[in-house]
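Beneath this line is the structure, given in C-alpha coordinates, with notes to follow.
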Amino acid sequence: MSAKVETPISDEGTDFFGAQYKEIYSHLLSRNVDVEIDFIRRKILQTYDHPHILDFCCGHGRHLLKLWQEGYQVDGLDLNRDFLAHIEEVSNHGVKTFLADGRDFQPPRMYDVVLNMETSIVYMSDEENMKMLQTMYACLKEGGTLLLHLANREFIVKYFHPLIWFGDEETGYALERRQLDIVNSTIKIDQTRIVNDKTTKHVIKMRLYSVSEITNMLKNIGFIVEQIYGDFEGNPYTVEAHNMILLCTK
-4 MSAKVETPIS DEGTDFFGAQ YKEIYSHLLS RNVDVEIDFI RRKILQTYDH PHILDFCCGH
56 GRHLLKLWQE GYQVDGLDLN RDFLAHIEEV SNHGVKTFLA DGRDFQPPRM YDVVLNMETS
116 IVYMSDEENM KMLQTMYACL KEGGTLLLHL ANREFIVKYF HPLIWFGDEE TGYALERRQL
176 DIVNSTIKID QTRIVNDKTT KHVIKMRLYS VSEITNMLKN IGFIVEQIYG DFEGNPYTVE
236 AHNMILLCTK
(Lines of atoms letter the chains of each structure in order from A and count residues from 1; the text may use other names and numbers.)
(Lines give C-alpha, C1' and ligand atoms only; values in the text may rest on other atoms or scores of the structure.)
Protein backbone atom coordinates (compact mmCIF):
# COMPACT_ATOMS: atom_id res chain seq x y z
CA MET A 1 0.00 0.00 0.00
CA SER A 2 1.23 3.50 -0.78
CA ALA A 3 1.34 6.41 1.64
CA LYS A 4 -1.90 8.15 2.55
CA VAL A 5 -2.72 11.27 0.57
CA GLU A 6 -4.99 14.06 1.75
CA THR A 7 -8.01 14.67 -0.45
CA PRO A 8 -10.18 17.81 -0.64
CA ILE A 9 -13.35 16.01 0.40
CA SER A 10 -16.20 18.30 1.41
CA ASP A 11 -16.56 17.12 5.03
CA GLU A 12 -15.10 20.27 6.62
CA GLY A 13 -12.60 18.13 8.54
CA THR A 14 -15.31 16.20 10.41
CA ASP A 15 -14.07 12.73 9.38
CA PHE A 16 -17.40 11.75 7.82
CA PHE A 17 -15.98 8.49 6.43
CA GLY A 18 -14.00 7.62 9.54
CA ALA A 19 -14.22 4.56 11.78
CA GLN A 20 -17.85 5.17 12.82
CA TYR A 21 -19.05 5.27 9.20
CA LYS A 22 -18.72 1.50 8.83
CA GLU A 23 -20.76 0.92 11.99
CA ILE A 24 -23.54 3.44 11.48
CA TYR A 25 -24.13 2.49 7.85
CA SER A 26 -23.41 -1.25 8.12
CA HIS A 27 -27.02 -2.48 7.89
CA LEU A 28 -28.03 0.04 5.24
CA LEU A 29 -25.06 -0.77 3.01
CA SER A 30 -25.18 -4.55 3.38
CA ARG A 31 -28.87 -5.25 2.82
CA ASN A 32 -28.71 -5.17 -1.00
CA VAL A 33 -25.20 -6.52 -1.55
CA ASP A 34 -26.30 -9.93 -2.83
CA VAL A 35 -28.58 -8.33 -5.45
CA GLU A 36 -25.78 -5.97 -6.47
CA ILE A 37 -23.25 -8.80 -6.79
CA ASP A 38 -25.71 -10.80 -8.88
CA PHE A 39 -26.14 -7.79 -11.20
CA ILE A 40 -22.36 -7.44 -11.56
CA ARG A 41 -22.06 -11.13 -12.42
CA ARG A 42 -24.91 -11.14 -14.95
CA LYS A 43 -24.28 -7.82 -16.67
CA ILE A 44 -20.46 -7.71 -16.63
CA LEU A 45 -18.40 -10.61 -15.33
CA GLN A 46 -19.93 -13.38 -17.41
CA THR A 47 -18.72 -11.64 -20.58
CA TYR A 48 -15.06 -12.10 -19.54
CA ASP A 49 -12.89 -15.14 -19.01
CA HIS A 50 -11.18 -14.84 -15.61
CA PRO A 51 -11.65 -11.05 -15.31
CA HIS A 52 -9.31 -8.99 -13.15
CA ILE A 53 -11.42 -6.49 -11.20
CA LEU A 54 -10.58 -3.22 -9.43
CA ASP A 55 -13.02 -2.02 -6.76
CA PHE A 56 -12.35 1.73 -6.93
CA CYS A 57 -13.27 3.36 -3.59
CA CYS A 58 -13.82 -0.10 -2.12
CA GLY A 59 -14.58 1.02 1.44
CA HIS A 60 -14.48 -1.88 3.88
CA GLY A 61 -14.94 -4.34 1.04
CA ARG A 62 -18.56 -5.46 1.14
CA HIS A 63 -18.53 -6.08 -2.65
CA LEU A 64 -14.86 -6.86 -3.00
CA LEU A 65 -14.80 -9.57 -0.32
CA LYS A 66 -17.87 -11.35 -1.68
CA LEU A 67 -16.38 -11.40 -5.16
CA TRP A 68 -13.05 -12.64 -3.77
CA GLN A 69 -14.82 -15.37 -1.79
CA GLU A 70 -16.46 -16.50 -5.04
CA GLY A 71 -13.03 -16.91 -6.61
CA TYR A 72 -12.73 -13.72 -8.62
CA GLN A 73 -9.41 -11.90 -8.86
CA VAL A 74 -10.19 -8.51 -7.35
CA ASP A 75 -8.08 -5.63 -6.00
CA GLY A 76 -9.25 -2.70 -3.88
CA LEU A 77 -8.39 0.99 -3.77
CA ASP A 78 -9.38 3.40 -1.01
CA LEU A 79 -8.10 6.29 1.10
CA ASN A 80 -9.19 4.75 4.41
CA ARG A 81 -6.38 2.79 6.02
CA ASP A 82 -8.71 1.14 8.56
CA PHE A 83 -11.07 -0.12 5.85
CA LEU A 84 -8.21 -1.65 3.89
CA ALA A 85 -6.81 -3.23 7.05
CA HIS A 86 -10.22 -4.85 7.59
CA ILE A 87 -10.13 -6.29 4.05
CA GLU A 88 -6.63 -7.65 4.56
CA GLU A 89 -7.60 -9.22 7.88
CA VAL A 90 -10.76 -10.90 6.53
CA SER A 91 -8.96 -12.16 3.41
CA ASN A 92 -5.81 -13.13 5.33
CA HIS A 93 -3.92 -10.84 2.94
CA GLY A 94 -5.39 -12.68 -0.04
CA VAL A 95 -6.68 -9.43 -1.56
CA LYS A 96 -4.31 -6.82 -2.93
CA THR A 97 -5.20 -3.31 -1.75
CA PHE A 98 -3.94 0.16 -2.59
CA LEU A 99 -4.00 3.00 -0.05
CA ALA A 100 -4.03 5.80 -2.59
CA ASP A 101 -5.75 8.92 -3.89
CA GLY A 102 -7.97 7.95 -6.80
CA ARG A 103 -7.32 11.25 -8.56
CA ASP A 104 -3.73 10.35 -9.40
CA PHE A 105 -3.48 6.60 -8.78
CA GLN A 106 -0.98 4.87 -11.06
CA PRO A 107 -2.23 1.29 -11.55
CA PRO A 108 0.44 -1.42 -11.60
CA ARG A 109 -1.60 -3.25 -14.23
CA MET A 110 -4.71 -2.81 -16.40
CA TYR A 111 -8.06 -4.25 -15.38
CA ASP A 112 -10.93 -5.86 -17.25
CA VAL A 113 -13.52 -4.34 -14.91
CA VAL A 114 -13.59 -1.27 -12.64
CA LEU A 115 -16.38 -0.96 -10.08
CA ASN A 116 -17.28 2.34 -8.45
CA MET A 117 -20.18 1.70 -6.10
CA GLU A 118 -22.41 3.67 -3.71
CA THR A 119 -22.04 7.23 -5.03
CA SER A 120 -18.35 7.42 -4.16
CA ILE A 121 -17.09 10.26 -6.36
CA VAL A 122 -19.46 13.16 -5.60
CA TYR A 123 -17.80 14.70 -2.55
CA MET A 124 -15.32 17.01 -4.31
CA SER A 125 -15.44 19.66 -7.01
CA ASP A 126 -16.39 18.79 -10.58
CA GLU A 127 -12.72 19.10 -11.55
CA GLU A 128 -11.59 16.65 -8.88
CA ASN A 129 -14.46 14.24 -9.62
CA MET A 130 -13.41 14.35 -13.28
CA LYS A 131 -9.89 13.32 -12.27
CA MET A 132 -11.35 10.28 -10.52
CA LEU A 133 -13.21 9.25 -13.67
CA GLN A 134 -10.08 9.79 -15.77
CA THR A 135 -8.14 7.47 -13.46
CA MET A 136 -10.84 4.81 -13.81
CA TYR A 137 -10.46 5.08 -17.57
CA ALA A 138 -6.68 4.75 -17.28
CA CYS A 139 -7.07 1.61 -15.15
CA LEU A 140 -9.09 -0.23 -17.81
CA LYS A 141 -7.89 -2.37 -20.66
CA GLU A 142 -9.23 -1.58 -24.12
CA GLY A 143 -12.70 -3.07 -24.19
CA GLY A 144 -12.89 -3.05 -20.38
CA THR A 145 -16.04 -2.15 -18.46
CA LEU A 146 -16.74 0.52 -15.84
CA LEU A 147 -19.75 0.23 -13.54
CA LEU A 148 -20.50 3.67 -12.12
CA HIS A 149 -23.20 3.71 -9.42
CA LEU A 150 -24.65 7.09 -8.43
CA ALA A 151 -27.71 8.37 -6.62
CA ASN A 152 -30.49 9.54 -8.94
CA ARG A 153 -30.60 13.32 -8.77
CA GLU A 154 -34.15 13.54 -10.12
CA PHE A 155 -35.54 11.17 -7.49
CA ILE A 156 -33.78 13.04 -4.67
CA VAL A 157 -35.09 16.41 -5.84
CA LYS A 158 -38.64 15.13 -6.35
CA TYR A 159 -38.87 13.41 -2.97
CA PHE A 160 -36.51 15.60 -0.95
CA HIS A 161 -36.72 15.26 2.84
CA PRO A 162 -34.86 17.84 4.95
CA LEU A 163 -34.76 15.58 8.02
CA ILE A 164 -33.79 11.88 8.09
CA TRP A 165 -33.31 9.54 11.05
CA PHE A 166 -31.95 5.99 10.84
CA GLY A 167 -30.13 3.32 12.82
CA ASP A 168 -30.74 0.85 15.65
CA GLU A 169 -29.44 -0.11 19.09
CA GLU A 170 -26.79 -2.41 17.63
CA THR A 171 -25.13 0.00 15.18
CA GLY A 172 -26.11 3.36 16.68
CA TYR A 173 -28.26 6.17 15.33
CA ALA A 174 -27.86 9.07 12.95
CA LEU A 175 -29.94 12.21 12.49
CA GLU A 176 -29.41 14.14 9.25
CA ARG A 177 -30.47 17.68 8.47
CA ARG A 178 -30.25 18.19 4.72
CA GLN A 179 -30.07 21.39 2.69
CA LEU A 180 -30.81 21.12 -1.04
CA ASP A 181 -29.15 23.69 -3.32
CA ILE A 182 -31.05 23.22 -6.57
CA VAL A 183 -29.05 25.91 -8.42
CA ASN A 184 -25.68 24.25 -7.79
CA SER A 185 -27.18 20.75 -7.66
CA THR A 186 -25.77 19.83 -4.25
CA ILE A 187 -26.98 18.56 -0.91
CA LYS A 188 -25.28 19.52 2.34
CA ILE A 189 -25.77 17.01 5.14
CA ASP A 190 -25.32 17.94 8.81
CA GLN A 191 -25.26 14.64 10.66
CA THR A 192 -25.37 13.82 14.37
CA ARG A 193 -24.29 10.27 15.25
CA ILE A 194 -24.94 8.47 18.51
CA VAL A 195 -22.73 5.37 18.73
CA ASN A 196 -21.91 3.59 22.00
CA ASP A 197 -23.45 6.50 23.93
CA LYS A 198 -21.04 8.91 22.25
CA THR A 199 -22.36 11.82 20.14
CA THR A 200 -20.35 13.19 17.23
CA LYS A 201 -21.08 15.80 14.54
CA HIS A 202 -20.27 15.35 10.85
CA VAL A 203 -20.78 17.34 7.66
CA ILE A 204 -20.64 16.36 4.00
CA LYS A 205 -21.65 17.99 0.71
CA MET A 206 -22.73 15.84 -2.23
CA ARG A 207 -22.79 16.86 -5.87
CA LEU A 208 -25.95 15.57 -7.56
CA TYR A 209 -25.23 14.83 -11.21
CA SER A 210 -28.01 14.67 -13.77
CA VAL A 211 -27.82 11.80 -16.23
CA SER A 212 -26.85 14.21 -19.04
CA GLU A 213 -24.07 15.81 -16.96
CA ILE A 214 -22.44 12.52 -15.98
CA THR A 215 -22.76 10.95 -19.43
CA ASN A 216 -21.15 14.02 -21.00
CA MET A 217 -18.27 13.79 -18.52
CA LEU A 218 -17.79 10.11 -19.31
CA LYS A 219 -17.94 10.64 -23.07
CA ASN A 220 -15.46 13.53 -22.88
CA ILE A 221 -12.99 11.18 -21.20
CA GLY A 222 -13.44 8.56 -23.91
CA PHE A 223 -15.96 6.14 -22.41
CA ILE A 224 -18.81 4.66 -24.42
CA VAL A 225 -21.94 4.66 -22.26
CA GLU A 226 -23.59 1.35 -23.12
CA GLN A 227 -26.48 1.08 -20.66
CA ILE A 228 -28.13 3.09 -17.89
CA TYR A 229 -30.22 1.27 -15.29
CA GLY A 230 -32.38 2.48 -12.42
CA ASP A 231 -31.70 -0.39 -10.04
CA PHE A 232 -29.73 -3.59 -9.62
CA GLU A 233 -32.66 -5.66 -10.78
CA GLY A 234 -31.90 -4.31 -14.25
CA ASN A 235 -34.93 -2.04 -14.56
CA PRO A 236 -34.75 1.08 -16.77
CA TYR A 237 -33.54 4.42 -15.44
CA THR A 238 -36.46 6.79 -14.72
CA VAL A 239 -37.24 9.73 -12.45
CA GLU A 240 -38.72 7.21 -10.00
CA ALA A 241 -35.53 5.13 -9.79
CA HIS A 242 -33.41 5.46 -6.64
CA ASN A 243 -30.19 4.78 -8.55
CA MET A 244 -28.33 5.71 -11.70
CA ILE A 245 -26.21 2.74 -12.77
CA LEU A 246 -24.05 3.32 -15.83
CA LEU A 247 -22.24 0.57 -17.71
CA CYS A 248 -19.45 2.02 -19.85
CA THR A 249 -16.74 0.55 -22.02
CA LYS A 250 -13.30 1.84 -22.96
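Using this note's numbering, the first residue of the sequence shown is number -4, and each one after it goes up by one. Even for Gly, the Cβ is constructed at its ideal location relative to N, Cα and C.
- Using a Cβ-Cβ distance cut-off of 8 Å, the stretch 93 to 110 and the stretch 121 to 139 are in contact, since at least three pairs of beta carbons, one from each stretch, lie closer than that value.
- The bridge partners DSSP lists for Asn111 are Leu143.
- Here Met201 really is in contact with Ile182; their C-beta atoms are around 5 Å apart, less than 8 Å.
- In this structure, DSSP gives Asn191 a state outside helix and strand, which the three-state scheme calls coil.
- According to the DSSP assignment, Cys243 belongs to no alpha helix (DSSP H) but to the beta strand (DSSP E) extending over 238 to 244.
- Beta-bridge annotation (DSSP): Thr130 is not paired with any residue.
- A direct Cα-to-Cα measurement between Asp163 and Gln15 gives close to 14 Å.
- Its chain contains Thr187, Arg188 as the residues whose beta carbon lies nearer than 8 Å to that of Thr194, once the 5 sequence neighbours on both sides are disregarded; these appear in chain order.
- By the Cβ test, the stretch 83 to 92 is in contact with the stretch 58 to 66, since at least three Cβ pairs between them sit closer than 8 Å.
- Ile82 and Phe161 have their C-alpha atoms some 26 Å from each other.
- Beyond the five residues adjoining it in sequence on each side, Gln222 comes within less than 7 Å, by CB distance, of Leu242 in the same chain, given in chain order.
- Scanning its chain for C-beta atoms nearer than 7 Å, with the 5 sequence neighbours on each side dropped, one finds around Arg172 the residues Pro157, Leu158, Asp185, in chain order.
- Note that the C-beta distance between Tyr20 and Thr114 is not below 9 Å.
- Relative to Ala146, the option among Ala80, Ala95, Glu235 whose CA is nearest is Glu235.
- The three-state secondary structure of Leu94, taken from DSSP, is strand.
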